[in-house]
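Undergrad: Chains as they are written, first to last, in the working numbering: chain E, 89 to 193; chain P, 339 to 534.
The beta-carbon is built from N, C-alpha and C at its ideal position, and this holds for glycine as well.
For clarity, every value in this text was computed on a predicted model and none was experimentally measured.
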Amino acid sequence: MKPLQKKYEALKKILREAYFEKEHAEVSEQWQVNAMRRIRNLGPVQSGPSFFMLFEQFVWRLTPATCLLIIVGAIIFLKLGFFPDYDVLTLFINNAEELSLAQLF
Amino acid sequence: MQNHPSRPSDSEIIRRVIDGDVNSFEYLLKKYQDHVLRIVTKHIPYNEVEEMAQEVFVRAYQALPGFKGQGSFKQWLSAIAVRTCYDFWRKRYRSRELPMSDLSENHQGWLEKTLSSQSDKSFHEKGREKEAKEMLDWALSKLSARGRMVIELVYLEGLSVKEAAGLLGWSVSNVKVRSFRSRKKLKTLLTGVISA
Chain E
89 MKPLQKKYEA LKKILREAYF EKEHAEVSEQ WQVNAMRRIR NLGPVQSGPS FFMLFEQFVW
149 RLTPATCLLI IVGAIIFLKL GFFPDYDVLT LFINNAEELS LAQLF
Chain P
339 MQNHPSRPSD SEIIRRVIDG DVNSFEYLLK KYQDHVLRIV TKHIPYNEVE EMAQEVFVRA
399 YQALPGFKGQ GSFKQWLSAI AVRTCYDFWR KRYRSRELPM SDLSENHQGW LEKTLSSQSD
459 KSFHEKGREK EAKEMLDWAL SKLSARGRMV IELVYLEGLS VKEAAGLLGW SVSNVKVRSF
519 RSRKKLKTLL TGVISA
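(1) Note down, in chain order, every chain E residue with its Cβ under 9 Å from the Cβ of P/Thr526.
(2) Pop quiz: P/Ile351 and P/Tyr370 are said to be a contact at Cβ under 8 Å. What is the actual Cβ separation, rounded to whole angstroms?
(3) Step through the CB atoms of chain E and report whether any lies within less than 8 Å of the CB of P/Gln413.
(4) For P/Leu478, count neighbouring C-beta atoms within 10 Å of its own C-beta (all shown protein chains included) and say buried if the count is 16 or more, exposed if not.
(5) Could you tell me whether the Cβ of E/Trp148 comes closer than 8 Å to any Cβ of chain P?
(6) Evaluate P/Val488 with the Cβ neighbour count: other Cβ atoms within 10 Å of its Cβ, from every protein chain shown; 16 or more gives buried, anything less gives exposed.
(7) List the residues of chain P whose Cβ lies closer than 9 Å to the Cβ of E/Gln120, in chain order.
(8) DSSP on P/Arg345, reduced to helix/strand/coil?
(9) Which residue from P/Ala502, P/Val355, P/Glu490, P/Gly530 puts its Cα closest to that of E/Glu105?
(10) Is the Cβ of P/Gln392 closer than 8 Å to any Cβ of chain E?
(11) Quick one: list the residues of chain P neighbouring E/Leu92, beta-carbon separation under 9 Å, in chain order.
(12) Give me, in chain order, the residues of the same chain whose beta-carbon lies closer than 8 Å to that of E/Gln199; leave out the 5 immediate sequence neighbours on both sides.
(13) Taking the alpha carbon of P/Trp448 as the point to measure from, which residue in P/Arg484, P/Phe395, P/Met473, P/Asp425 has its own alpha carbon closest?
(14) Can you name the residues of chain P whose CB is closer than 9 Å to the CB of E/Leu130?
(15) Can we say the stretch 392–407 of chain P touches the stretch 121–130 of chain E, given the rule of at least three CB pairs closer than 8 Å?
(16) Nearest-angstrom Cα distance between P/Ser416 and P/Ser520?
(17) Mind pulling the beta strand (DSSP E) runs of 3 or more residues that sit fully within the stretch 92–167 of chain E?
(18) What does E/Lys167 touch in chain P if you count any residue whose Cβ is under 8 Å from its own?
(19) Flag E/Trp148 as yes when its Cβ comes closer than 7 Å to any non-hydrogen atom of the ligand NAP, and as no otherwise.
(20) Kindly indicate which three-state DSSP category P/Gly507 falls into: helix, strand or coil?
(21) Give the C-beta separation of P/Lys480 and E/Tyr96 to the nearest angstrom, bearing in mind that I take them to be a contact with Cβ-Cβ under 8 Å.
(22) Would you say E/Leu103 reaches chain P, if we count a Cβ-Cβ gap shorter than 8 Å as a contact?
(23) If you draw a straight line from the alpha carbon of P/Asn361 to that of E/Trp148, how long is it in whole angstroms?
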């Protein structure tokens with residue numbers, strides 16, 4: 089096991105050296121011109137915060153209030169005896185009866 | 339640290355750019371071009387470096403109003419560069435454009451020769467840097483985009499988990515978990531190659 093570990097450590101060292109060897113890259117002079125052309129084509133930068141930035145900023149702040157609202161709403165509906173599933177099911181059964189009668193006559 | 343009187347500060351330039359003077363951005367581009375290239379070159383294949391470095395500056399330009407000046411502009415730009423590189427790999431992995439070539443007999447031969455030599459010479463002195471780089475690319479291509487970035491920053495560059503988290507915009511615990519998993523996978527891969 090030990091020689092394998094030793095070899096592994098040696099390989100790690102070699103790969104790290106190979107990684108740092110990648111650092112030398114040069115760009116052509118045209119690169120700068122092209123980069124600035126791309127940026128100019130974008131036009132002046134938008135200084136005001138965008139809708140999405142504002143949304144991202146405030147959405148988490150509103151989360152506790154939204155959760156509280158949902159809980160309060162659920163309690164109110166339970167107190168009022170509002171069961172949408174039950175109502176929908178009743179409506180469906182009634183309609184099915186009407187539909188069956190209509191088919192008979 | 340005082341600025342040179344004839345050279346405007348970064349914050350001054352940023353203010354000008356935000357006020358609508360697009361051409362002022364060229365100053366920042368020239369000043370930080372080498373820094374961005376150094377980062378991008380380490381993470382991206384050589385033939386894509388120019389394009390990705392441009393992309394970094396385009397993103398930086400678009401995000402400039404969001405720069406609050408809490409850290410230095412260089413630090414902020416570094417984070418954009420690293421995240422751009424991560425996005426590059428994410429797209430690559432998603433589109434399955436990643437070369438998944440296996441190691442050739444040449445690589446195996448090189449590895450045996452290099453590891454069996456007891457000398458402490460660096461791989462420059464021994465020559466055959468090409469094989470080392472290809473082996474590194476092969477090992478990294480076996481990792482996920484996230485794993486790849488974490489390994490490059492923490493394991494190869496030697497950044498702290500906190501520094502890597504700051505650059506990638508991830509939580510420290512996320513980087514820790516990714517680092518642990520990727521290192522484990524890398525070790526399995528490399529020991530597999532060694533013992534083959």
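TA: Taking the geometry as given:
(1) For this step, residue 526 of chain P is matched to residue 188 along the second sequence. Taking a Cβ-Cβ threshold of 9 Å, none of the residues of chain E is close to P/Thr526; the smallest such distance is about 11 Å.
(2) Within the second sequence, numbered from 1, the residue matching residue 351 of chain P stands at position 13. Within the second sequence, numbered from 1, the residue matching residue 370 of chain P stands at position 32. At roughly 11 Å, the Cβ-Cβ gap does not stay under 8 Å, so P/Ile351 and P/Tyr370 are not in contact.
(3) Within the second sequence, numbered from 1, the residue matching residue 413 of chain P stands at position 75. Cβ-Cβ to chain E under 8 Å: no for P/Gln413.
(4) Numbered from 1 along the second sequence, position 140 holds the residue referred to as residue 478 of chain P. By the neighbour-count rule (16 or more Cβ atoms within 10 Å), P/Leu478 is buried.
(5) Residue numbering aside, residue 148 of chain E sits at position 60 when the first sequence is read from its first letter. The beta-carbon of E/Trp148 is placed no less than 8 Å from the nearest beta-carbon of chain P.
(6) On the second sequence, residue 488 of chain P is found 150 positions in, with the first residue counted as 1. Under this definition P/Val488 is a buried residue.
(7) Counting from 1 along the first sequence, the entry for residue 120 of chain E is found at position 32. The CB of E/Gln120 comes closer than 9 Å to the CB of Glu364, Leu367, Lys368, Gln371 in chain P, given here in chain order.
(8) As a position in the second sequence, residue 345 of chain P is number 7, starting the count at 1. Coil, per DSSP.
(9) The residue labelled residue 105 of chain E in the question sits at position 17 within the first sequence. The residue with the shortest Cα to Cα distance from E/Glu105 is P/Glu490.
(10) The residue given as residue 392 of chain P occupies position 54 in the second sequence. So, interface residue.
(11) Translated into the one-based positions of the first sequence, residue 92 of chain E becomes position 4. Correct list: Thr529, Ile532, Ser533.
(12) Here chain E has residues from 89 to 193 only, and residue 199 of chain E is not among them.
(13) Walking along the second sequence from the start, residue 448 of chain P turns up at place 110. Comparing Cα-Cα distances from P/Trp448 to each of P/Arg484, P/Phe395, P/Met473, P/Asp425, the minimum goes to P/Met473.
(14) The residue labelled residue 130 of chain E in the question sits at position 42 within the first sequence. Val360, Val396, Tyr399, Gln400, listed in chain order.
(15) yes
(16) Here the question's residue 416 of chain P lines up with position 78 in the second sequence. Here the question's residue 520 of chain P lines up with position 182 in the second sequence. Counting only the Cα atoms, P/Ser520 lies some 23 Å from P/Ser416.
(17) none
(18) Position 79 of the first sequence, counted from the first residue, corresponds to residue 167 of chain E. What E/Lys167 touches in chain P: nothing, since even the nearest Cβ is about 41 Å away.
(19) Annotation note on the ligand NAP: not contained in the displayed structure, which lists no ligands.
(20) Position 169 of the second sequence, counted from the start, is the residue given in the question as residue 507 of chain P. Of the three classes helix, strand and coil, the one that applies to P/Gly507 here is coil, per DSSP.
(21) Reading the second sequence from its first residue, position 142 is the one you call residue 480 of chain P. Reading the first sequence from its first residue, position 8 is the one you call residue 96 of chain E. Not confirmed; about 16 Å, so no contact.
(22) Taking the first sequence and counting its residues from 1, one reaches residue 103 of chain E at position 15. Output row for E/Leu103: interface = yes.
(23) Position 23 of the second sequence holds residue 361 of chain P. Position 60 of the first sequence holds residue 148 of chain E. Those two C-alpha atoms are separated by around 37 Å.
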